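Accompanying notes for the structure given below.
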Amino acid sequence: MNLPNYITVSRIAAIPLIVWILTTSRFSARQLTLRVLLAAGLFILAAITDGLDGYLARRRGQITTMGMLLDPLADKLMIAAMYIALVSLIPSIVSVWVVIVIVGREFLISGLRSIAASEGFTIEASELGKLKMVVQIVSVVAAILALRWDEWVFFGRFVIGVRLIAVMAIWFMVAVSVISAVDYFWGFWKKIDKRVERRRRRPFILSRRKKRPQAVPAAPDATPATPTSAEGGLTPATPAPRH
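In case it helps, this note's numbering puts the sequence shown at residues 772 to 1014.
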């Protein structure tokens, strides 16, 4: 365990605390204000640690297998837990189908990353994926604040529609999530398709065993070769002289 991993673990530990703050029993308006501000502040702090642990791991050279496993897991747990809690607290802004789209998208990308890792390559976070994460943080914070306020009025003139911002952020987040999921899937499909083509084009050669040279058996009644004449014919053998 190193410092980046401790920061990641603290982000995971903050998830049940934020959910508990939001889902406690009924309380007064003053207590509601404090709880909403506290939950929004803790969530923003947890979102900041999402970039901090990765930066420290790269800066200090402490990129570990545990960190690579815990970091995306903490992000998905944090987002899924917050949307599931908000769908029960403020369903007029965070509806059930929004949660299904978000959680289903996270499962899809996790599955693609697992298959890619088994095939020997990785799926890096795209620009759309990073934008999706920022929009998710804004939408969650706006939905938490909408539990207490519909709008903020400053100096009697400037009005900030908290509820309107939350609704717009949720819709924008859903659109970016779907588009980024399609982008991830398209990049994954092209990578897998190229690998399949390479495997198909790879020649299949059967191994051939080298034949050993066979010895030619000698003739049983082989007669020694007789010298030839100048004309190329055989010279008859000269009989031995008789005494």
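Quick reminder that beta carbons are idealized off the backbone N, C-alpha and C, glycines included. All values derive from a computational prediction rather than experimental measurement.
Verify the CB distance criterion: does residue i have a CB-CB separation below 9 Å to chain C?
i: Y826; result: Included in the structure is just one protein chain, with no chain C present.
State the DSSP-derived secondary structure class of residue i, mapped to helix, strand or coil.
i: I864; result: coil
i: I834; result: coil
i: P1012; result: In this predicted model, P1012 has a pLDDT of only 48, less than 50, meaning its place in the structure is not dependable; the value taken from the coordinates is given anyway. Coil at P1012, not helix or strand.
i: F975; result: Since pLDDT at F975 reaches only 47, below the 50 mark, its modelled position is unreliable, and the value read off the structure follows with that caveat. Correct three-state label for F975: coil.
If you draw a straight line from the C-alpha of residue i to the C-alpha of residue j, how long is it?
i: P787; j: A888; result: 30 Å
i: L774; j: L840; result: 15 Å
i: V909; j: F814; result: 10 Å
i: L809; j: G882; result: 34 Å
i: W791; j: A913; result: 18 Å
i: K962; j: A818; result: 31 Å
i: G822; j: G832; result: 15 Å
i: V949; j: R876; result: 7 Å
i: S866; j: V858; result: 6 Å
i: L916; j: A856; result: 14 Å
i: M904; j: L879; result: 16 Å
i: T804; j: A785; result: 20 Å
i: I886; j: G958; result: 13 Å
i: E898; j: I789; result: 28 Å
i: R884; j: P843; result: 11 Å
i: W960; j: G891; result: 14 Å
If you follow the alpha helix (DSSP H) that residue i is part of, which residue opens it and which one closes it?
i: L918; result: Neither: L918 is in no alpha helix (DSSP H) and is coded neither H nor E.
i: P776; result: Note on identity: in this sequence residue 776 is Asn, with Pro being the wrong assignment. Taken as a continuous stretch (DSSP letters only), the alpha helix (DSSP H) holding N776 covers L774 to L793.
Assuming residue i and residue j are in contact, meaning their beta carbons sit under 8 Å apart, how far apart are those beta carbons, in whole angstroms?
i: I778; j: D824; result: 4 Å
i: M1015; j: R782; result: An answer regarding residue 1015 cannot be provided, because it is not within the stretch 772 to 1014 covered by the chain.
i: T835; j: N776; result: 7 Å
i: I873; j: L918; result: In fact, because the Cβ distance is near 19 Å, the residues do not count as touching under 8 Å.
i: A940; j: V906; result: 6 Å
i: V938; j: I864; result: 6 Å
i: V869; j: V945; result: 6 Å
i: I828; j: G838; result: Contrary to the premise, residue 828 reads as Ala rather than Ile in this sequence. Yes, A828 and G838 are in contact; Cβ-Cβ is about 6 Å, under 8 Å.
* Asked: Quick check: the region 954 to 961 against the region 933 to 944, are there 3 or more CB pairs under 8 Å?
  -> The count of Cβ pairs closer than 8 Å, one atom from the region 954 to 961 and one from the region 933 to 944, stays below three, leaving the stretches out of contact.
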